[in-house]
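Now the structure itself:
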């Protein structure tokens with residue numbers, strides 16, 4: 007028995023080291039740094055709560071919070087809705103499921119930078135595919151997607167919806183796991199599609215939805231690459247300057263690593279709080295199979 | 006019955022329209038990539054080019070064309086491929102070994118450590134960014150590829166989770182029988198479990214490949230010398246310098262960056278879909 011444990015520790019060793027070096031140490035160190043004034047050139051100097059106090063008064067910080075929350079609130083539910091609807095459409099025993107599934111999935115394979123560049127071209131005001139199509143459909147004055155602060159976030163949310171294929175695959179697998187007998191019982195009761203969706207499909211899918219929405223939220227709170235490529239410096243009018251972009255700029259452009267660490271911890275706390283709230287709020291809505 | 010047929014037809018029509026919406030940006034990218042430059046700028050753009058300029062691809066990716074400062078594409082492709090392959094190798098080896106310990110062996114602290122491991126997936130990357138950078142700077146690795154691939158050899162929570170779930174589905178009797186035959190723990194792992202785990206290992210390899218090939222923030226933090234750029238970084242640099250002019254060449258370059266990922270996906274589609282499905286369901 008003892009030798010099994012010894013061998014087990016050897017097997018687990020890469021991750022024990024990796025966990026200590028690339029997770030535990032950075033988490034603790036950034037907590038410490040968040041109370042210091044620290045640039046790469048100078049060693050960290052303890053300044054107590056100064057970084058956090060400064061944050062409260064930092065208008066740019068609050069602006070990135072607003073931008074990020076607006077994005078999360080729009081992008082997460084909308085892409086979840088798209089993903090669930092697509093999955094439900096594909097779960098109708100329609101022919102060519104694998105083909106459609108591939109088509110919906112492929113966009114979420116596209117590397118972020120290539121994706122940003124592709125969308126710059128699609129949303130291009132003069133020669134872009136989108137406005138060209140809108141004009142053909144009779145819209146005389148299509149929005150300036152990239153240059154108008156009122157539309158720039160809409161642009162990013164639409165891109166997020168375009169990438170919901172990954173979640174769709176997960177939802178589809180969840181739908182296929184729902185026992186057919188439940189639908190047959192509902193049929194006997196004379197339930198229509200809407201009733202079946204509400205009383206069978208969504209409750210049975212709810213654990214998957216909860217998991218995906220939480221993961222989607224964690225990801226969306228860290229939105230970075232696509233806006234970074236598409237909207238230099240958060241243009242237009244800083245409407246796409248997000249939390250992680252500002253954190254990144256603080257760390258690597260302004261050499262304010264202490265402040266960036268404090269921001270990192272604020273993001274961590276926001277993530278934990280929102281996850282906790284989501285779990286709590288869903289307690290009564292989410293149906294877990296007890297078997 | 007008639008109504009059922011009608012609704013299936015509706016589903017098909019909706020699906021066709023939706024898949025057109027999902028695919029058209031990519032098609033538009035490819036058709037732009039083979040257009041002459043004038044046709045990307047006309048007031049009434051056409052869907053298909055008047056002549057197919059396949060030439061745009063080599064043009065966009067050839068090293069050192071002076072007029073426009075094209076990205077040294079082949080060099081960046083080599084850099085990206087090297088980092089990606091090292092990450093795939095590291096992640097397959099380390100995660101298999103670690104997941105085996107979590108799934109098949111008994112040791113004090115195992116379950117608590119596994120719970121902690123799962124919880125680490127909640128830690129946002131920006132929290133880790135500054136100290137990790139400090140660590141690699143202290144090691145003198147900033148500017149090299151090492152910060153991008155060395156961590157892959159120390160496992161990742163997500164892949165450990167995925168492989169552990171798989172290892173647990175293999176009956177314990179197999180290990181016990183091997184043990185009675187005199188196999189050591191190491192032999193059981195290499196000769197009995199690993200061959201059975203090939204599909205799950207392939208999923209880990211695929212996810213790592215995609216993740217590394219697409220990574221943008223990592224290379225941006227650690228690489229500053231133009232010669233060491235990865236494709237993502239090079240594409241971004243090219244776009245920020247020359248963006249908005251040569252759309253056809255830019256789209257050609259983007260196509261070439263996307264292509265390997267799509268090709269890999271098509272060959273491993275089934276595995277991929279299964280991997281994603283299980284990853285999301287048993288969380």
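Residue numbers (our numbering), protein chains in the order written: chain A, 7 to 297; chain B, 6 to 288.
Heads up, the beta-carbon is just placed ideally off N, CA and C, and yes, glycines get one too.
query: Looking only at C-alpha atoms, which of B/79, B/77, B/52 and B/38 sits nearest to residue 60 of chain B?
result: For this step, residue 60 of chain B is matched to residue 55 along the second chain. For the residues B/79, B/77, B/52 and B/38, the minimum Cα distance to residue 60 of chain B belongs to B/38.
- request: Tell me residue 171 of chain B's beta-bridge partners as DSSP assigns them.
  value: As a working note, residue 171 of chain B is residue 166 in the second chain. In DSSP, residue 171 of chain B forms no bridge with anything.
- request: Rank A/13, A/280, A/69 and A/87 by C-alpha distance to the C-alpha of residue 170 of chain A and give the top, closest one.
  value: Translated into positions along the first chain, residue 170 of chain A becomes position 164. When each option's Cα is compared against that of residue 170 of chain A, the closest is A/87.
- request: Measuring alpha carbon to alpha carbon, tell me which of A/254, A/290, A/259 and A/278 ends up nearest residue 267 of chain A.
  value: For the purposes of this step, residue 267 of chain A is taken as residue 261 along the first chain, with counting starting at 1. The shortest Cα separation from residue 267 of chain A among A/254, A/290, A/259 and A/278 belongs to A/254.
- request: At 9 Å on the CB atoms, spell out the chain B contacts of residue 10 of chain A, in chain order.
  value: Position 4 of the first chain, counted from the start, is the residue given in the question as residue 10 of chain A. Those within 9 Å of residue 10 of chain A in chain B are 110, 111, 112 and 190.
- request: Label residue 159 of chain A either buried or exposed according to how many other C-beta atoms from any shown protein chain fall within 10 Å of its C-beta, with 16 as the threshold for buried.
  value: In the first chain, residue 159 of chain A corresponds to position 153, counting from 1. Buried is the call here.
- prompt: Rounded to a whole number of angstroms, what is the C-alpha to C-alpha distance between residue 7 of chain B and residue 197 of chain A?
  reply: For the purposes of this step, residue 7 of chain B is identified with residue 2 of the second chain, where counting begins at 1. For the purposes of this step, residue 197 of chain A is identified with residue 191 of the first chain, where counting begins at 1. Model confidence at residue 7 of chain B stands at a pLDDT of 48, short of 50, so the residue's coordinates are unreliable and nothing is read from them.
query: Taking the C-alpha atoms as reference points, what is the distance between residue 251 of chain B and residue 16 of chain B?
result: Walking along the second chain from the start, residue 251 of chain B turns up at place 246. Walking along the second chain from the start, residue 16 of chain B turns up at place 11. Cα-Cα distance, rounded: 40 Å.
query: Is the beta carbon of residue 154 of chain B less than 7 Å from the beta carbon of residue 91 of chain B?
result: Translated into positions along the second chain, residue 154 of chain B becomes position 149. Translated into positions along the second chain, residue 91 of chain B becomes position 86. Yes. Within cutoff.
- prompt: Closer than 7 Å, CB to CB, is residue 16 of chain B near chain A or not?
  reply: The residue labelled residue 16 of chain B in the question sits at position 11 within the second chain. Taking Cβ atoms only, chain A reaches closer than 7 Å to residue 16 of chain B, which makes this a yes.
- prompt: Quick one, which of A/123, A/177, A/147 and A/137 has its alpha-carbon nearest residue 243 of chain B's?
  reply: Numbered from 1 along the second chain, position 238 holds the residue referred to as residue 243 of chain B. That would be A/123, whose Cα lies nearest to the Cα of residue 243 of chain B.
Contact belief for residue 28 of chain A with residue 137 of chain B at Cβ below 8 Å, rounded distance in angstroms: Locating residue 28 of chain A in the first chain gives position 22, where the first residue counts as 1. Locating residue 137 of chain B in the second chain gives position 132, where the first residue counts as 1. Confirmed, Cβ separation roughly 7 Å.
query: Listing by chain order, which chain B residues have their CB less than 7 Å from the CB of residue 222 of chain A?
result: Position 216 of the first chain, counted from the first residue, corresponds to residue 222 of chain A. Going along chain B, no residue has its Cβ under 7 Å from residue 222 of chain A, so there is no contact; the nearest lies around 11 Å.
- request: Closer than 7 Å by beta-carbon distance: list the chain B residues that pair up with residue 95 of chain A, in chain order.
  value: The sequence position of residue 95 of chain A within the first chain is 89, counting from 1. Per Cβ cutoff of 7 Å: 16, 19 and 20.
field: Run of the alpha helix (DSSP H) containing residue 306 of chain B, from where it starts to where it stops
entry: Outside the displayed range of chain B (6 to 288) lies residue 306 of chain B, so it cannot be described from this structure.
- prompt: If we cut at 7 Å on Cβ distances, does residue 261 of chain A have a partner in chain B?
  reply: Counted from its first residue, the first chain places residue 261 of chain A at position 255. No, its Cβ sits nowhere closer than 7 Å to a Cβ of chain B.
query: My guess is that residue 165 of chain A and residue 78 of chain A are in contact by the Cβ rule of under 8 Å, so how many angstroms apart are they, rounded?
result: Here the question's residue 165 of chain A lines up with position 159 in the first chain. Here the question's residue 78 of chain A lines up with position 72 in the first chain. Residue 165 of chain A to residue 78 of chain A, Cβ: 14 Å. No contact.
field: Runs of alpha helix (DSSP H) lying entirely within the segment 94–141 of chain A, each at least 4 residues, in chain order
entry: 103–111 and 118–128
message: Against residue 146 of chain B, what residues of chain A qualify as contacts under a CB-to-CB distance less than 8 Å, listed in chain order?
response: As a working mapping, residue 146 of chain B is identified with position 141 in the second chain. Per Cβ cutoff of 8 Å: no residues; residue 146 of chain B is ~13 Å from chain A at best.
message: In whole angstroms, give me the CA-to-CA distance for residue 199 of chain A and residue 18 of chain A.
response: Along the first chain, read from residue 1 onward, the residue named residue 199 of chain A stands at position 193. Along the first chain, read from residue 1 onward, the residue named residue 18 of chain A stands at position 12. Roughly 50 Å separates the two Cα atoms.
query: Counting contacts by CB-CB distance shorter than 7 Å, is residue 42 of chain A in contact with chain B?
result: The residue you call residue 42 of chain A lines up with position 36 of the first chain. Answer no: the Cβ-Cβ gap between residue 42 of chain A and chain B never drops below 7 Å.
- prompt: Thinking C-beta only, is residue 226 of chain B closer than 7 Å to residue 201 of chain B?
  reply: By 1-based counting over the second chain, the position of residue 201 of chain B is 196. By 1-based counting over the second chain, the position of residue 226 of chain B is 221. No, the pair does not count as a contact, with Cβ atoms beyond the cut-off.
- prompt: Around the C-beta of residue 228 of chain A, are 16 or more other C-beta atoms found within 10 angstroms, so that it is buried, or is it exposed?
  reply: Here the question's residue 228 of chain A lines up with position 222 in the first chain. With 16 or more other Cβ atoms within 10 Å, it is buried.
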